[in-house]
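The structure under discussion appears below in the form of structure tokens.
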Amino acid sequence: MTKLLHIDSSGKGSQSTTRPLTNYFSTKWREANPAGEIVYRDLTESHLPYVNGELIGAFYTPKDQLDEAKKLLLEQPDQLFEELRIADTYVFGVPLYNFGVPAVFKAYIDLIVRPGTTFSFEGDKPNGLLANKKAYIVTASGGDYSEQPLKSLDFVEPYVRAILGFVGITDVTFIRANGNDPTTIATTSDSAKKTIDSLFQLAEAR
Ligand SMILES: Cc1cc2nc3c(=O)[nH]c(=O)nc-3n(C[C@H](O)[C@H](O)[C@H](O)COP(=O)(O)O)c2cc1C
């Protein structure tokens, strides 16, 4: 059965620009996949830990040598990985905060990018272990980072593409909105919705 993993990381709650857009994407996906399953995760409600010595120790301990304390530490990261593993499509809301990704999204990345789980090394060559996935990243910013001079300060798109690519997710589409005032936010959100509509029309035509 096809599965969508829908993740939000905006800290702006009902004032968020990305949340209505990831919801719009999910609704469209549901229409296109009535028998599919949607797994939803709000990273701002997930109480993710920052990686520390204990967690890193657990990540690098062979499975058959994990003690009870390490097993407990790995429960949530394992759950996050399982959500990624079982889904074939992802929609992630990743707004631009201070030129980069929200801290909760970075905390999430640090829990899922794990040796032997999402990547391995063949000699010197990294090998992403998440194959055949499609990721849609909904991002939003105050300014318009799609063009210079702000484009060079957008560390969201290059970072997210790099880290998803590292774990094997190379089919990545960005959907953008921006604005600091209601009119610009509404206009760019409408345009983002049209982009989402066209993605589903394209998929239908295939
Ligand atoms: C903590 C924080 C940092 C931000 N930093 C930037 C920034 O560096 N550049 C920018 O153009 N907008 C910045 N913004 C504005 C957000 O990108 C904008 O509000 C966008 O709508 C965020 O998406 P969201 O509403 O889904 O959270 C920032 C907002 C917050 C809350």
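Residues 1 to 206, numbered by the numbering used here, are exactly what the sequence shown covers, in order. The C-beta atom is built at its ideal place from N, Cα and C for all residues, glycine as well.
Problem set entry | Three-way DSSP call (helix, strand, coil) for E157 in this model | Indexing the sequence shown from 1 puts residue 157 at position 157. E157 falls in the helix class under three-state DSSP.
Exercise. Going by alpha carbons, who is nearest to D88 out of E157, T44, V172 and A205?
Worked result: As a working mapping, residue 88 is identified with position 88 in the sequence shown. Scanning E157, T44, V172 and A205 for the CA closest to the CA of D88 turns up V172.
Exercise. Looking at F119 and V167, is the spacing between their C-beta atoms short of 8 angstroms?
Worked result: Residue 167 sits at position 167 when you count from the first residue of the sequence shown. Residue 119 sits at position 119 when you count from the first residue of the sequence shown. In this structure, V167 places its C-beta atom within 8 angstroms of the C-beta atom of F119.
For this session: Report the three-state DSSP secondary structure of I169 (helix, strand or coil).
Result: Indexing the sequence shown from 1 puts residue 169 at position 169. In the three-state reduction of the DSSP assignment, I169 falls in the coil class, being assigned neither a helical nor a strand state.
Exercise. Taking Cβ to Cβ, would you say T17 is nearer than 8 angstroms to A205?
Worked result: If you number the sequence shown from 1, residue 17 lands on position 17. If you number the sequence shown from 1, residue 205 lands on position 205. Their beta carbons are not under 8 angstroms apart, which means T17 does not touch A205 by this criterion.
Exercise. Tell me the DSSP bridge mates of A89?
Worked result: The sequence position of residue 89 within the sequence shown is 89, counting from 1. A small fix is needed here, since residue 89 is Thr in this sequence, not Ala. According to DSSP, which records beta bridges pairwise, T89 is partnered with L4 and K134.
For this session: Return yes when the C-beta of A140 is under 7 angstroms from any heavy atom of ligand 1, and no when it is not.
Result: Sequence index remark: in the sequence shown, residue 140 carries index 140 (1-based). Correct: A140 has its Cβ closer than 7 angstroms to ligand 1.
Exercise. Under the three-state reduction of DSSP, which class applies to A35: helix, strand or coil?
Worked result: Counting from one through the sequence shown, the residue named residue 35 turns up at place 35. Assigned with DSSP and collapsed to three states, A35 falls in coil, not helix or strand.
For this session: Could you tell me the boundaries of the alpha helix (DSSP H) in which G57 lies?
Result: Looking up residue 57 in the sequence shown gives position 57. Element bounds for G57: G53 to F59.
For this session: Drop a sphere of 10 angstroms on the beta-carbon of R114, count the other beta-carbons inside from all chains shown, and report buried for 16 or more, exposed for fewer.
Result: On the sequence shown, residue 114 is found 114 positions in, with the first residue counted as 1. By the neighbour-count rule (16 or more Cβ atoms within 10 Å), R114 is buried.
Exercise. Which residue comes first and which comes last in the alpha helix (DSSP H) that contains F99?
Worked result: Here residue 99 refers to the residue found at position 99 when the sequence shown is read from its first residue. Bounds of any alpha helix (DSSP H) do not take in F99, whose DSSP letter is neither H nor E.
Problem set entry | Stretch-stretch touch, CB-based, cutoff 8 angstroms, three pairs: the stretch 146 to 163 with the stretch 78 to 97 | At 8 angstroms Cβ cutoff, the stretches touch.
Exercise. Among all the DSSP beta bridges, which residues are the ones paired with P126?
Worked result: Taking the sequence shown and counting its residues from 1, one reaches residue 126 at position 126. Partner(s): F121.
For this session: Rank D8, S146 and E37 by C-alpha distance to the C-alpha of S46 and give the top, closest one.
Result: If you number the sequence shown from 1, residue 46 lands on position 46. When each option's Cα is compared against that of S46, the closest is D8.
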